[in-house]
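Quick notes on the structure that follows.
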Amino acid sequence: DLRQASIEAIQEWAAKNRAKLLSRSTINDKAIGAISAILTVALNHDEIAANPCAGTKFKLKEGETVERQPYGDRDLEKLLASAVFAKGKRYGAGGGEAQKWLPLISMYSGARLEEIGQLRTADVRCEGGVHFFDMETIDDTPGQETRRKTKSSRRKVPIHRRLIELGLLVYVAAQRKAGAVRLFPLLKPYRGKITHGFSKWWGRYARKFVPTEEHKTFHSFRHRVTDQFRNQAKPLYAVMQEVLGHDVSDTTSGYGAGFDLPTLNAAVQALDYGSRVEAVLATWPQ
């Protein structure tokens with residue numbers, strides 16, 4: 205009924221029903237930012253004289269900017285001991301085996317959710333005895349598109365030995381035998397994003413074990429891996445950035461062919477979550 209209502213009527217309805225409102229930061233990033241991006245294309249093609257959205261953003265009040273937090277040890281223990289992992293339970297909205305492997309892959313690589321979700325069976329490769337995810341290749345073939353967030357996102361990410369021990373390569377082989385192009389074929393794209401539905405499902409699922417007020421999302425795996433690199437694995441800073449797909453903006457980083465696979469692999473294999481997490485993994489059915 206609200207689709208044809210005036211702005212004033214919608215505001216009145218929202219106030220009366222205490223509707224959940226978008227945060228200013230969300231409006232800035234996903235609403236104004238999206239419109240501005242479209243208008244920038246029009247401006248670059250001389251379709252308009254100026255971008256009216258340029259510099260137009262809500263000022264954020266103190267406390268409105270929320271920094272995502274890494275998952276702590278206790279968070280990981282609760283999540284890994286939950287039904288999806290410890291009992292093999294699968295939910296309809298979770299994309300089949302994606303609900304097990306996407307979190308684990310991110311936990312042992314720091315890769316972004318969409319990077320993992322769009323992996324194809326052909327993207328799991330091996331060179332010189334090192335198994336890795338090929339996140340370099342870009343493909344526009346319908347049904348198996350691969351896109352990268354930035355130039356620095358194009359990289360090879362070694363596969364942690366714990367993922368292999370937990371059966372990832374066996375799963376990959378089964379998907380290839382079944383003729384699957386995508387590694388997680390039950391993920392359904394929505395508006396060009398293959399993990400849109402999964403992200404919403406994970407938010408609901410993880411909320412059962414990690415309180416929402418702690419500002420932790422799937423991206424918290426990536427934050428945790430970053431902390432593990434800094435405080436425990438301690439690779440060269442540039443090696444950490446290469447594995448994570450972050451840009452290193454200096455002259456030297458632009459020289460040469462980059463770090464070789466064994467160097468990246470040594471950094472990834474050094475990730476270790478300790479005996480408490482390993483004790484939880486040991487309870488999983490084989």
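The opening residue of the sequence shown carries number 205 in our numbering; numbering runs sequentially from there.
Using N, Cα and C, we set each Cβ at its ideal position, and we do this for glycine too.
Item, Value
"Rounded C-alpha distance that separates ALA327 from GLN445", "Looking at the sequence provided, one finds Asp at residue 327 rather than Ala. About 21 Å."
"Rounded straight-line distance, which links the Cα of LEU468 to that of THR455", "Note on THR455: pLDDT 45, under 50, position unreliable in the model; the coordinate value appears next. When rounded, the distance between both Cα atoms is 21 Å."
"Check: LYS404 C-beta below 7 Å from any heavy atom of the ligand ADP", "This structure does not include the ligand ADP; it has no bound ligands of any sort."
"Ordered list of alpha helix (DSSP H) runs contained in the stretch 361-443, each at least 4 residues", "365-369, 372-381, 400-410 and 424-432"
"Element boundaries [alpha helix (DSSP H), containing ASP279]", "277-284"
"8 Å Cβ shell around GLY460 - same chain, five flanking residues per side excluded", "Reliability fails at GLY460, whose pLDDT of 48 lies under 50, so the model's placement of it is uncertain and no value is given."
"Contact under 8 Å by Cβ, PHE425 with PRO307", "yes"
"Rounded separation between ALA470 and ALA235 - CA only", "41 Å"
"Where VAL447 falls, given that 16 or more other Cβ within 10 Å makes a residue buried", "buried"
"Start and end residues, beta strand (DSSP E) containing ARG324", "No beta strand (DSSP E) holds ARG324; DSSP gives it neither H nor E."
"Same chain only: Cβ atoms within 7 Å of GLU340, ignoring 5 sequence neighbours per side", "ARG358, ARG359 and LYS360"
"Contact set for VAL288: own chain, Cβ-Cβ below 8 Å, skip 5 residues either direction", "ARG294, TYR295, GLY298, GLN303, LYS304 and TYR409"
"Whether ILE363 touches PHE336 by CB criterion (8 Å)", "yes"
"Best match in LEU247, PRO274, ALA219 and HIS249 for proximity to LYS420 [C-alpha to C-alpha]", "PRO274"
"Environment of TYR312 [buried if 16+ CB atoms lie within 10 Å]", "buried"
"Inter-residue spacing [alpha-carbon to alpha-carbon] between CYS257 and ASP277", "43 Å"
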